[in-house]
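So for the sequence shown, the numbering used here puts the first residue at 4; every next one is plus one.
The C-beta atom is built at its ideal place from N, Cα and C for all residues, glycine as well.
All values reported here derive from a predicted model rather than from experimental measurement.
Structure record follows, encoded as C-alpha cells.
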Amino acid sequence: ENVGLIHLGGKTIENAEDYVLSRFSKVYSTLIEKPATSYFNFSIGKVKTISVTVSGHVMRPGSYLIHPSGNVINLLISSGGIDDTGTMRNLKLVRNETTIDSIDLYPLLTGLGQINKFNFLDGDIILVPSRKGTIAITGAVQKPAYYEPTNGETAHELVSFAGGLTQRAGTHYSKVNPTKKNIIISVDLMNNFQVQNGDSLHFPMKNSIEVHVSIYGAVSSPGNYPWYRGITLSDILSISGAYDSQSQD
Numbered sequence: 004e005n006v007g008l009i010h011l012g013g014k015t016i017e018n019a020e021d022y023v024l025s026r027f028s029k030v031y032s033t034l035i036e037k038p039a040t041s042y043f044n045f046s047i048g049k050v051k052t053i054s055v056t057v058s059g060h061v062m063r064p065g066s067y068l069i070h071p072s073g074n075v076i077n078l079l080i081s082s083g084g085i086d087d088t089g090t091m092r093n094l095k096l097v098r099n100e101t102t103i104d105s106i107d108l109y110p111l112l113t114g115l116g117q118i119n120k121f122n123f124l125d126g127d128i129i130l131v132p133s134r135k136g137t138i139a140i141t142g143a144v145q146k147p148a149y150y151e152p153t154n155g156e157t158a159h160e161l162v163s164f165a166g167g168l169t170q171r172a173g174t175h176y177s178k179v180n181p182t183k184k185n186i187i188i189s190v191d192l193m194n195n196f197q198v199q200n201g202d203s204l205h206f207p208m209k210n211s212i213e214v215h216v217s218i219y220g221a222v223s224s225p226g227n228y229p230w231y232r233g234i235t236l237s238d239i240l241s242i243s244g245a246y247d248s249q250s251q252d
C-alpha cells in the first residue's frame, strides 16, 4: 500500500533489490535512517520458467523451457548444437518480431573474450542463420581448421582465432583466393589484407636446413660451425681458435 505496482521484468536480483528498496524508502523513511529502525529483506521464493525458441540451422530446432537467467550456450546445447551449415558469427536474438541483438560465438569459443549478456523474456527466439563463408587456415598455426569470416575481417584477426602462429612459422604466408590465384604476403602485412569467402591461408614452416661453415688447418678447434646472417670471417676465426694458434706461433 502507498508504494504502487513495481515492475521487475528484465532486472537482475541485485538491480531488483535496489529498485524495490528505493521505492519503499520513499514511503517508509525509517528504512534508510542512520541507524535504521526498519529493515528490508528481498528474496525470490520460486522462479517460473520461460519458453525460448531456437530456430534455423541447429540439430533440434524447437521451443525450450529455461530459467530466466539462462544463457544462449545452454540453449544451443539443449538444441543439439549448430549444424555444419549454420553460422557461429551472427546469431540473432528476436523479440516481438524484431532483431534486438546479434551474437558472435567466436570470442567465447576461442578464449579471446565473452559474448553479449542479456536477459531472456518469454517468447524470445534465437535464430541461427546459414554461414556466409568458410576459410581454410593451415600450416604453422596453433589450430589449423576451417574458419568463418565476417565482413571486413583481416587475415590477422582470423589467425588470432586459430591460436596465432607457432614458433616455427615462416615470415611469409600464401593466400589462395577463389580464383586459385596464389599470393605471397609478408606476415607483417596481415593486418592490411582482408579475407573473403573461399580463401585459403597457408603458413609454411621455417626452413629447417642448417648451413655450416667449415674451417680446418692451424686452428685450435677445427670443424663445422653454424652459419647465421651477418657472421664474418673474423668471427669464424675467433670462435675456432685461429687467433690463439697464431699467437702461439
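**Prompt:** Taking the beta strand (DSSP E) that H253 falls in, what are its first and last residues?
**Reply:** Outside the shown range of the chain (4 to 252) lies residue 253, about which nothing can therefore be said.
**Prompt:** Alpha carbon to alpha carbon, how far is D252 from S223?
**Reply:** Here residue 252 refers to the residue found at position 249 when the sequence shown is read from its first residue. Here residue 223 refers to the residue found at position 220 when the sequence shown is read from its first residue. Summary for D252: the model assigns pLDDT 48, below 50, so the residue's position carries little reliability, and this model does not support an answer.
**Message:** Let's test the definition: count the other Cβ atoms within 10 Å of the Cβ of Y42 and tell me whether it reaches 16, buried, or not, exposed.
**Reply:** Walking along the sequence shown from the start, residue 42 turns up at place 39. It counts as exposed.
**Request:** Keeping to the same chain, check which residues put their C-beta closer than 6 Å to that of T174; ignore five residues upstream and five downstream.
**Result:** The residue given as residue 174 occupies position 171 in the sequence shown. If we look at T174 and ignore the five residues flanking it on each side, its Cβ neighbours are V190.
**Residue from N93, S133 and N74 whose Cα sits closest to the Cα of N122** = Mapped onto the sequence shown, residue 122 falls at position 119. Among N93, S133 and N74, the Cα nearest to that of N122 belongs to N74.
**Request:** Return the Cβ separation of L124 and I53 in integer angstroms, given the expectation that the two are a contact with Cβ distance under 8 Å.
**Result:** Here the question's residue 124 lines up with position 121 in the sequence shown. Here the question's residue 53 lines up with position 50 in the sequence shown. Yes, L124 and I53 are in contact; Cβ-Cβ is about 7 Å, under 8 Å.
**Prompt:** In terms of DSSP beta bridges, what is L168 paired with?
**Reply:** The sequence position of residue 168 within the sequence shown is 165, counting from 1. Answer is V144, bridged to L168.
**Item:** Straight-line gap, I234 to Y149 (C-alpha atoms, nearest Å)
**Value:** Along the sequence shown, one-based indexing puts residue 234 at 231. Along the sequence shown, one-based indexing puts residue 149 at 146. If you take the alpha carbons of I234 and Y149, they lie about 42 Å apart.
**Asked** What three-state label does DSSP hand N195 in the structure shown?
**Response** The residue you call residue 195 lines up with position 192 of the sequence shown. Three-state DSSP puts N195 in a helix.
**Prompt:** Within the chosen definition, does the stretch 46–63 reach the stretch 102–115 through at least 3 CB pairs nearer than 8 Å?
**Reply:** no
**Item:** Span of the alpha helix (DSSP H) around L94
**Value:** Reading the sequence shown from its first residue, position 91 is the one you call residue 94. Element bounds for L94: not the alpha helix (DSSP H) but the beta strand (DSSP E), L94 to R98.
**Message:** Just list the residues that DSSP pairs G3 with in beta bridges.
**Reply:** In this structure the chain extends from 4 to 252, so residue 3 is not present and cannot be described.
**Reference Y219, options R92, L240, E4 and L11, closest by Cα** = As a working note, residue 219 is residue 216 in the sequence shown. The residue with the shortest Cα to Cα distance from Y219 is L240.
**Message:** Please return the same chain residues whose Cβ sits closer than 7 Å to the Cβ of S250, not counting the five positions on each side in sequence.
**Reply:** Along the sequence shown, read from residue 1 onward, the residue named residue 250 stands at position 247. Its pLDDT being 47, under 50, S250 is placed unreliably by the model, and nothing is read from it.
**Other residues of its chain near F27: CB distance less than 8 Å, five sequence neighbours each side excluded** = In the sequence shown, the residue the question calls residue 27 occupies position 24. These residues qualify, in order along the chain: V6, L34 and F43.
**Prompt:** Given T137, which residues of its chain have a CB within under 7 Å of its CB, disregarding the five upstream and five downstream residues?
**Reply:** Sequence index remark: in the sequence shown, residue 137 carries index 134 (1-based). Counting only Cβ-Cβ distances below 7 Å, and skipping sequence neighbours, we find Y149, E151 and N200.
**Request:** Classify N77 as helix, strand or coil using the three-state DSSP reduction.
**Result:** Locating residue 77 in the sequence shown gives position 74, where the first residue counts as 1. Helix, per DSSP.
**Request:** Say whether the stretch 85–105 touches the stretch 160–172, bearing in mind that this needs 3 or more beta-carbon pairs closer than 8 Å, one atom from each stretch.
**Result:** no
**Asked** DSSP three-state call for S25: helix, strand or coil?
**Response** Looking up residue 25 in the sequence shown gives position 22. In the structure shown, S25 sits in a helix (DSSP, three-state: H, G or I).
**Request:** Starting from D238, follow the beta strand (DSSP E) in both directions and report where the run begins and ends.
**Result:** Mapped onto the sequence shown, residue 238 falls at position 235. Per DSSP, D238 belongs to no beta strand (DSSP E); it is in the alpha helix (DSSP H), L236 to I242.
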